[in-house]
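Counting the sequence shown from 1 gives a position; the numbering used here is that position plus 190. Below is one structure, written out as structure tokens; the observations come after it.
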Amino acid sequence: MIRENYVTLDHITFAYGRRPVLSDVSLTIKQGDFLGLVGPNGSGKSTLIKMMLGLLQPNDGAVRVFDEPIDSFQQWDRIGYVSQKANSFSSGFPATVYEVVSMGLFGKIGLFRFMKKKHKEMVYRAIEQVDMMDYLYENIGELSGGQQQRVFIARALVSEPDLLILDEPTVGIDAKSVASFYELLHTLNRDLGKTLLLISHDIGAMTDHVNKVACLNRTIHFHGKTEEFAAKKNKLDFYGHDVHLLTHSHEGVHHA
Ligand SMILES: Nc1ncnc2c1ncn2[C@@H]1O[C@H](COP(=O)(O)OP(=O)(O)OP(=O)(O)O)[C@@H](O)[C@H]1O
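What follows is the structure, given as structure tokens:
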């Protein structure tokens, strides 16, 4: 099977004013990938995501989404995004799980008071996919961080995207929920065929789960299969030194 290129970053350079953030970044996300993008704080991960979502324009280089130049790309519901802050709802926030997930359809149907049977079924399906049907009419603010995270994933899934981008999704979630969260991601990737991009600064936890790894610190220092990463990591004593290495290496991982 030929796998489509979902996102292609081609020699991207970007600066906020005079502050260079990304330099000559090339990266491809292919259909079916479960890619972990790792890098220390401030390495440019969020900036890179904004570029993929068309929120920022590169100073140099080109971005293609689903094999189309990003400037002419229109099918934004093929991409779902779950932000870092998604799971910090205060208790008492007056919206149920059902309502929060319905909000994921705004782009498609305008106001959700006009939701048709088909749309309601899409909402139920997304909630089922994250295993939260038992909480349908609970207030989002009353749920645990891990449960809230599932609801926000359902909200991103409701428009049936092909690519799901998750920005630091496990921050502030307890260890047990993190384990079941990764299981959910495996199910989405393997069984539902979703392509996943997972952003994290926690290289250890993530590389146990993803199929491919990209290490970012201003530029891409490694991009390949998880096994290749693991092999290199041992040889270079990468493990445990990753943040140090990524923070101080300007010439690439071979200088560790
Ligand atoms: N709007 C902005 N204007 C100016 N500088 C910015 C802006 N947003 C981010 N930066 C700077 O750009 C650099 C990269 O930021 P970015 O948020 O992309 O990194 P990150 O890898 O996502 O970091 P973190 O893991 O802390 O979220 C940082 O030095 C940051 O301070």
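Even for Gly, the Cβ is constructed at its ideal location relative to N, Cα and C.
Residue pairing for Val403: DSSP places it in a beta bridge opposite Gly226, Gly414. Taking the Cα of Ser262 as reference, the smallest distance to any Cα among Leu243, Gln274, Asn249 is reached at Leu243. In this structure, the beta-carbon distance from Gln338 to Ile330 falls below 9 Å. In its chain, beyond the 5 residues on either side, Gln319 have a beta carbon closer than 8 Å to the beta carbon of Leu382.
Exclusion of the five residues before and after Ala344 leaves Val291, Ala316, Ile317, Gln319, Val320, Met322 as the residues of its chain whose Cβ lies within less than 7 Å of its Cβ. Val341 and Met396 have their C-alpha atoms roughly 21 Å apart. Ala252 counts as exposed, since fewer than 16 other beta carbons sit within 10 angstroms of its beta carbon. For Leu246, the CB contacts under 6 Å within the same chain, skipping 5 residues up- and downstream, are Lys240 in chain order. With contacts defined as CB atoms closer than 9 Å, Gly394 and Lys402 fail to qualify as a contacting pair. In this structure, Leu356 lies near Leu387, with their beta-carbon atoms less than 9 Å apart.
Burial state of Ile192 is exposed, judged by a 10 Å Cβ sphere holding fewer than 16 other Cβ atoms. Residues lining ligand 1 by the Cβ criterion, that is a Cβ closer than 6 Å to any of its heavy atoms, are Tyr206, Arg209, Val211, Gly229, Asn231, Gly232, Ser233, Gly234, Lys235, Ser236, Thr237, His391 in chain order. By the neighbour-count definition (other C-beta atoms within 10 Å, threshold 16), Ala346 is a buried residue. Here His391 carries a coil assignment [DSSP, helix/strand/coil].
Close CB contacts of Glu328 within its chain, under the 8 Å cut and outside five residues either way in sequence, are with Thr286, Val287 (chain order).
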